[in-house]
Ligand code: ADP
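Numbering (my numbering), first residue to last: 502 to 820.
Here it is in structure tokens:
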């Protein structure tokens with residue numbers, strides 16, 4: 502293992518830079534050279550490369566986004582695109598590729614692995630929807646960002662005695678919504694994993710009002726529906742006049758929390774350790790504090806489930 506490539510792909514997440522730094526410095530520590538491919542698989546196909554050194558990854562550990570930039574690349578989803586990618590990797594004399602991203606990016610890495618090219622995946626997404634790790638890089642920071650925004654909304658919601666709907670990201674998973682709801686003390690969390698019943702929600706809101714509750718916060722995961730749809734449903738079904746806020750891409754930005762910076766550093770180091778051990782076609786993760794590897798397919802073959810206890814907690818605490 503002499504020359505290692507690295508790229509970030511799909512949605513960006515705070516902590517990706519810390520992972521790039523850790524991969525680069527651990528690889529150099531182990532006597533390897535490191536090349537960054539910019540803009541994910543797009544940059545791989547176009548040969549958009551940048552040599553990475555100990556100093557070129559200096560000062561980025563607490564910077565949000567990704568210094569390698571990221572992209573979605575339609576061409577790479579086709580077999581010809583993957584073969585072209587493999588060709589580029591050979592042209593650049595690469596021995597392995599480290600891919601930082603979500604399960605889509607890991608699928609791309611798996612295609613290279615199937616053609617015999619050594620890959621390792623590092624889970625980076627604010628959605629936390631990847632099995633094989635308790636937390637993905639960026640999730641903790643996104644939860645903290647959502648929490649800060651929701652706290653501000655609660656101030657105005659309580660002053661005006663209003664019902665607020667806050668739409669958070671998470672794609673088809675409710676991890677971010679649930680974590681933010683518990684942390685912010687929201688009354689309700691609507692997540693894709695739990696079937697949603699409008700009548701039950703209206704009854705609960707009615708009950709809360711009867712008890713003299715002046716305001717309520719409902720956190721809705723984007724995978725359930727848009728906040729505007731829920732707003733219309735609440736109006737039609739229960740006559741509720743709710744205000745909506747869509748947190749949007751703000752959740753992806755900002756410096757990583759110390760949790761994410763540490764997680765990213767450990768997973769970055771763990772990815773190179775896996776390559777040194779000769780473990781290919783795997784993703785690194787942290788489970789119960791331990792750095793572990795699993796076949797990269799676990800990220801889409803195994804569904805990571807929401808913590809039922811957390812779901813129950815929103816119900817109990819949000820009365
Ligand atoms: P994420 O990695 O955050 O889940 P995407 O699902 O958008 O993001 O995937 C990022 C990129 O990974 C895609 O634009 C594409 O280039 C590549 N990719 C996704 N699925 C596949 C696939 N089945 N085969 C090859 N490449 C894929």
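Here a beta-carbon is modelled for each residue, glycine too, at the ideal position from N, C-alpha and C.
* For the alpha helix (DSSP H) that residue 729 lies in, which residues bound it at each end? -> Here residue 729 corresponds to residue number 228 of the chain shown, with the count starting at 1. Judged by DSSP secondary structure, residue 729 falls within the alpha helix (DSSP H) whose first and last residues are 728–739.
* Coil, strand or helix - residue 692 by DSSP -> Counted from its first residue, the chain shown places residue 692 at position 191. Secondary structure of residue 692 (DSSP, three-state): coil.
* Quick one: grab the DSSP three-state call for residue 597. => On the chain shown, position 96 is the one that residue 597 refers to. Strand.
* Asked: Given 8 Å as the limit, is there contact between the region 736–752 and the region 761–778, that is, 3 or more CB pairs closer than that?
  -> These segments do not touch.
* **residue 632 (DSSP reduced to helix, strand or coil)** => On the chain shown, position 131 is the one that residue 632 refers to. Residue state, collapsed to three classes: coil.
* Kindly list the residues whose CB is nearer than 7 Å to the CB of residue 752, restricted to its own chain and excluding five residues on each side of it in sequence; keep chain order. => If you number the chain shown from 1, residue 752 lands on position 251. Around residue 752: 627, 643, 646, 647, 669, 670.
* Asked: Between the region 534–544 and the region 620–637, do at least 3 Cβ pairs fall closer than 8 Å?
  -> Touching, no, given that fewer than three Cβ pairs across the two stretches are closer than 8 Å.
* To do: Kindly indicate the opening and closing residues of the beta strand (DSSP E) around residue 787.
  => Stepping through the chain shown from its first residue, residue 787 is reached at position 286. Start and end: 783–788.
* To do: Could you check if residue 791 is buried or exposed, using at least 16 other CB atoms within 10 Å of its CB as the buried criterion?
  => Taking the first residue of the chain shown as 1, we reach residue 791 at position 290. Exposed.
* If you follow the alpha helix (DSSP H) that residue 580 is part of, which residue opens it and which one closes it? -> As a working mapping, residue 580 is identified with position 79 in the chain shown. Segment 580–592, the alpha helix (DSSP H) holding residue 580.
* Unbroken beta strand (DSSP E) run spanning residue 816, endpoints -> Residue numbering aside, residue 816 sits at position 315 when the chain shown is read from its first letter. Run containing residue 816: none in the beta strand (DSSP E); it sits in the alpha helix (DSSP H), 809–818.
* Tell me which same chain residues have a C-beta within less than 6 Å of the C-beta of residue 690, skipping the five on either side of it? -> Translated into positions along the chain shown, residue 690 becomes position 189. Hits under 6 Å: 678, 679, 682, 720, 815.
* **DSSP state of residue 625 mapped onto helix, strand, coil** => Counting from 1 along the chain shown, the entry for residue 625 is found at position 124. Strand, per DSSP.
* Are residue 546 and residue 587 close, meaning C-beta to C-beta below 7 Å? -> Taking the chain shown and counting its residues from 1, one reaches residue 546 at position 45. Taking the chain shown and counting its residues from 1, one reaches residue 587 at position 86. Note that the C-beta distance between residue 546 and residue 587 is not below 7 Å.
* Asked: Straight-line CA distance for residue 479 to residue 618?
  -> The requested residue 479 does not occur in the structure, where the chain is confined to residues 502 to 820.
* To do: With hydrogens ignored, establish whether the beta-carbon of residue 512 is closer than 6 Å to any heavy atom of ligand 1.
  => The sequence position of residue 512 within the chain shown is 11, counting from 1. Because some heavy atom of ligand 1 lies under 6 Å away, the Cβ of residue 512 counts as near it: yes.
* Asked: Under 7 Å between the Cβ atoms of residue 515 and residue 700?
  -> Looking up residue 515 in the chain shown gives position 14. Looking up residue 700 in the chain shown gives position 199. Taking 7 Å as the Cβ cut-off, residue 515 and residue 700 do not qualify as a contacting pair.
* **Nonlocal neighbours in the same chain, by C-beta distance under 8 Å from residue 620, ignoring five residues either side** => To locate residue 620, count along the chain shown from 1; it is residue 119. Counting only residues of its own chain and dropping the five nearest sequence neighbours on each side, residue 620 has a CB closer than 8 Å to the CB of 597, 598, 599, 600, 610, 611, 613, 614, 781, 782, 797.
* **the region 701–717 touching the region 656–675, judged by at least three CB pairs closer than 8 Å** => Remark: three or more beta-carbon pairs, one from each stretch, lie closer than 8 Å, so the region 701–717 and the region 656–675 are flagged as touching.
* Asked: From residue 594 to residue 776, what does the alpha carbon distance come to, in whole angstroms?
  -> Within the chain shown, residue 594 is the residue found at index 93, counting from 1. Within the chain shown, residue 776 is the residue found at index 275, counting from 1. Between the C-alpha atoms of residue 594 and residue 776 there is a straight-line separation of about 16 Å.
* If you check the beta carbons only, do residue 765 and residue 520 fall under 7 Å apart? -> Reading the chain shown from its first residue, position 264 is the one you call residue 765. Reading the chain shown from its first residue, position 19 is the one you call residue 520. Note that the C-beta distance between residue 765 and residue 520 is below 7 Å.
* Asked: What span of residues does the alpha helix (DSSP H) with residue 507 cover, start to end?
  -> The residue given as residue 507 occupies position 6 in the chain shown. Taken as a continuous stretch (DSSP letters only), residue 507 belongs to no alpha helix (DSSP H), being part of the beta strand (DSSP E) at 504–509.
* Asked: What span of residues does the alpha helix (DSSP H) with residue 702 cover, start to end?
  -> On the chain shown, position 201 is the one that residue 702 refers to. It spans 699–711 - the alpha helix (DSSP H) in which residue 702 sits, taken as one unbroken run.
* Asked: Going by the beta-carbon positions, is the gap between residue 747 and residue 728 smaller than 7 Å?
  -> Indexing the chain shown from 1 puts residue 747 at position 246. Indexing the chain shown from 1 puts residue 728 at position 227. Taking 7 Å as the cut-off, the Cβ atoms of residue 747 and residue 728 count as close.
* Asked: Should residue 623 be labelled buried (16 or more other beta-carbon atoms within 10 Å of its own) or exposed?
  -> Reading the chain shown from its first residue, position 122 is the one you call residue 623. It is buried - the Cβ of residue 623 has at least 16 other Cβ atoms within 10 Å.
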